[in-house]
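Engineer:
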Amino acid sequence: MSSKSLISTDVDFDKDGKQFGNLFVPQSTNSAGWANYYVPIIVIRNGEGPTAVLSGGNHGDEYEGPVTLSKLARSLEPEQIQGRVIIIPMLNRPAVDSGTRLSPIDGANMNRSFPGNPTGTITSMIADFVANQVIPLADLVVDIHSGGSSMHMAPSVNMHNVADQEQMAKMIEAGRAWAAPLVFIYEDVAGAGLLPSYAEGLGKVTLGTEMGSKAQFGVETLAITELGVQNVLHWAGILKEKPAEAGTSEPQVVAAEDPRDYIMAPCSGIFEPFFELGDEVNEGEAVGQIHSLEQVHREPDRVLAQTSGSVIARRSIPRTAQGECVMVLVRPFG
Ligand code: CA
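Numbering (the numbering used here), first residue to last: 2 to 335.
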């Protein structure tokens, strides 16, 4: 897209110090013909050095990012860093406002909207601004996710297996530095247009996360997220002092690179899981079964694993439609 973004901002990316500001996204609504939608952005800079772009709330029902990054924005002072930290705690703020994965304004998935469209709907306008004016400034890109409403996840830092081996080695090193229990290499099984894919494509050291779920939100996942962001900022040479706590010392690097590792429901009904996070599953084994709402006399349909591995994610909404992911299996990477 070559047309210019209609979004303006009151932060100056090149100014030293700490600035709390907003992206102003032009909107015209039933309640205001002329309006701007505000998306908070924080810039903390202290002279020359690397730049980290940290985002949360890409999906609105994933809360670790907004909470961790708002706390970081308030607590991190310029003198604690060298270089720059740009924080967007609620990338899809309308979705965070409504507690939904997708934007209630245009129904769009921010993480399927990259590289965006400067004259599109609100989600693609924000994606376009971030893609063209924020991510290019970065050496390190961190986009904090969790399983949200629909999945329970074992806490992980994640990335794609990018073609550039040097970039991949750096991303795994950064992922390990987070000190979450798992570093997870994943495949896209549900479409394109992801923020991490876009940043990886620019050659940036890019980390996503899956920190838990709406139901798991709390002390454990917040601690892993908060410590991990600081660990990675220190790894990148931005945060001067090493965080006091260590986190998991030996994260496991695992991968789900076979599309069959993402087990989809063969039919609709109520999914009953047979395994929990961390359990080992063998190829051919049933990972759960789906109960019919219409034909109660019928035995449930068993959902079979087509690969072997340990469970990194499982569906957390019992009611399941055909084709929805019910479990993800991983194996050691490399
Ligand atoms: Ca997500």
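Ideal Cβ placement from N, Cα and C applies to all residues, glycine included. Because the structure is a prediction, the values reported are computed rather than measured.
1) Counting along the chain, where does the beta strand (DSSP E) carrying Gln28 start and finish?
2) What are the boundary residues of the beta strand (DSSP E) that includes Glu258?
3) Taking the beta strand (DSSP E) that Tyr64 falls in, what are its first and last residues?
4) Buried or exposed, going by whether 16 or more other CB atoms sit within 10 Å of the CB of Leu203?
5) CB of Ser60 to nearest heavy atom of ligand 1: below 7 Å?
6) In terms of residue numbering, what span does the alpha helix (DSSP H) encompassing Glu227 cover?
7) When the Cα atoms are used, what is the spatial distance from Phe334 to Val142?
8) For Val97, report the span of its alpha helix (DSSP H) as first-last.
9) Quick one: any contact between the stretch 246-265 and the stretch 90-107, if contact means 3 or more CB pairs under 8 Å?
10) So, helix, strand or coil for Met2, using DSSP?
11) For a test of the three-state rule: what should DSSP assign to Ile31, helix, strand or coil?
12) Given this structure, state the Cα-to-Cα distance separating Ile136 from Met111, to the nearest angstrom.
13) What does the alpha-carbon distance come out to for the pair Arg299 and Gly176?
14) Enumerate, from N- to C-terminal direction, the unbroken beta strand (DSSP E) stretches of 3 or more residues contained entirely within the stretch 98-147.
15) Any heavy atom of ligand 1 closer than 7 Å to the Cβ of Glu251?
16) Could you check whether Ala180 and Thr249 sit closer than 8 Å to each other, using their CB atoms as the reference points?
17) How big is the Cα-Cα spacing for Thr30 and Phe130?
18) Cβ of Leu7 within 8 Å of Cβ of Pro27?
19) Kindly confirm or deny that the stretch 69-81 and the stretch 112-122 touch, where touching means at least three C-beta pairs closer than 8 Å.
20) Using the rule of at least 16 other Cβ atoms within 10 Å of the residue's Cβ for burial, across every protein chain shown, is Val230 buried or exposed?
21) By the three-class DSSP mapping on this structure, what secondary structure does Ile239 have?
22) From the DSSP output, read off the bridge partner residues of Cys326.
23) Closest to Ile225 by CA distance: which of Glu246, Gly238, Ile239 is it?
24) May I ask whether a heavy atom of ligand 1 can be found less than 7 Å away from the beta carbon of Glu63?
25) Relative to ligand 1, is the shortest distance from any of its heavy atoms to the C-beta of His146 smaller than 7 Å?
26) Please check the pair Pro41 and Pro90, which I expect to be a contact at CB under 8 Å, by giving their CB distance rounded to whole angstroms.
27) I'd like to confirm something about Asn112: is its beta-carbon nearer than 7 Å to some heavy atom of ligand 1, or not?
28) If I'm right that Gly324 touches Ala266 with Cβ under 8 Å, what's the distance once you round it to whole angstroms?
29) Just to check my reading of the structure: Ile82 and Ile239 have Cβ atoms closer than 8 Å, yes? What is that Cβ distance to the nearest angstrom?
Structural biologist: Let me lay it out:
1) The continuous beta strand (DSSP E) containing Gln28 extends over residues 18-28.
2) Glu258: not part of any beta strand (DSSP E); DSSP gives it neither H nor E.
3) No beta strand (DSSP E) holds Tyr64; DSSP gives it neither H nor E.
4) By the C-beta density criterion, Leu203 is exposed, having fewer than 16 other C-beta atoms within 10 angstroms.
5) The sequence given here places His at residue 60; Ser does not occur at that position. In this structure, His60 has its CB closer than 7 Å to one or more heavy atoms of ligand 1.
6) That run of the alpha helix (DSSP H) goes 220-236.
7) A straight line joining the alpha-carbon of Phe334 with that of Val142 spans about 22 Å.
8) Looking at the DSSP string, the run of the alpha helix (DSSP H) that includes Val97 is 94-99.
9) Contact fails: fewer than three Cβ-Cβ distances are below 8 Å.
10) Note that Met2 has pLDDT 44, beneath the 50 cutoff, so the model's placement of it is unreliable and no number is given.
11) Reading off the sequence, residue 31 comes out as Asn, not Ile. If DSSP states are grouped into helix, strand and coil, Asn31 belongs with coil.
12) Looking at the two C-alpha atoms, the distance is approximately 15 Å.
13) C-alpha separation (whole angstroms): 46 Å.
14) The DSSP assignment places 141-144 as complete runs of the beta strand (DSSP E) inside the stretch 98-147, in order along the chain (cut-off: 3 residues).
15) Using a cutoff of 7 Å, the CB of Glu251 does not count as near ligand 1, since none of the ligand's heavy atoms is closer than that.
16) In contact: Thr249 and Ala180 (Cβ atoms closer than 8 Å).
17) Inter-residue distance for Thr30 and Phe130 is about 21 Å (C-alpha atoms, whole angstroms).
18) Yes, the Cβ-Cβ distance between Leu7 and Pro27 is below 8 Å.
19) The stretch 69-81 and the stretch 112-122 do not touch, with fewer than 3 CB-CB distances between them shorter than 8 Å.
20) That one is buried.
21) The answer is coil: DSSP assigns Ile239 none of H, G, I, E or B.
22) As DSSP reads the structure, Cys326 sits in a beta bridge with Met265.
23) Closest by C-alpha distance to Ile225, out of Glu246, Gly238, Ile239, is Glu246.
24) Within 7 Å of the C-beta of Glu63 there is at least one heavy atom belonging to ligand 1.
25) Yes, ligand 1 has a heavy atom inside 7 Å of this Cβ.
26) Between Pro41 and Pro90 the beta-carbon gap is near 6 Å, inside 8 Å, which marks them as a contact.
27) For ligand 1, at least one heavy atom lies less than 7 Å from the Cβ of Asn112.
28) That pair is a contact at about 6 Å.
29) Under the criterion of beta carbons closer than 8 Å, Ile82 and Ile239 qualify as touching, at roughly 5 Å.
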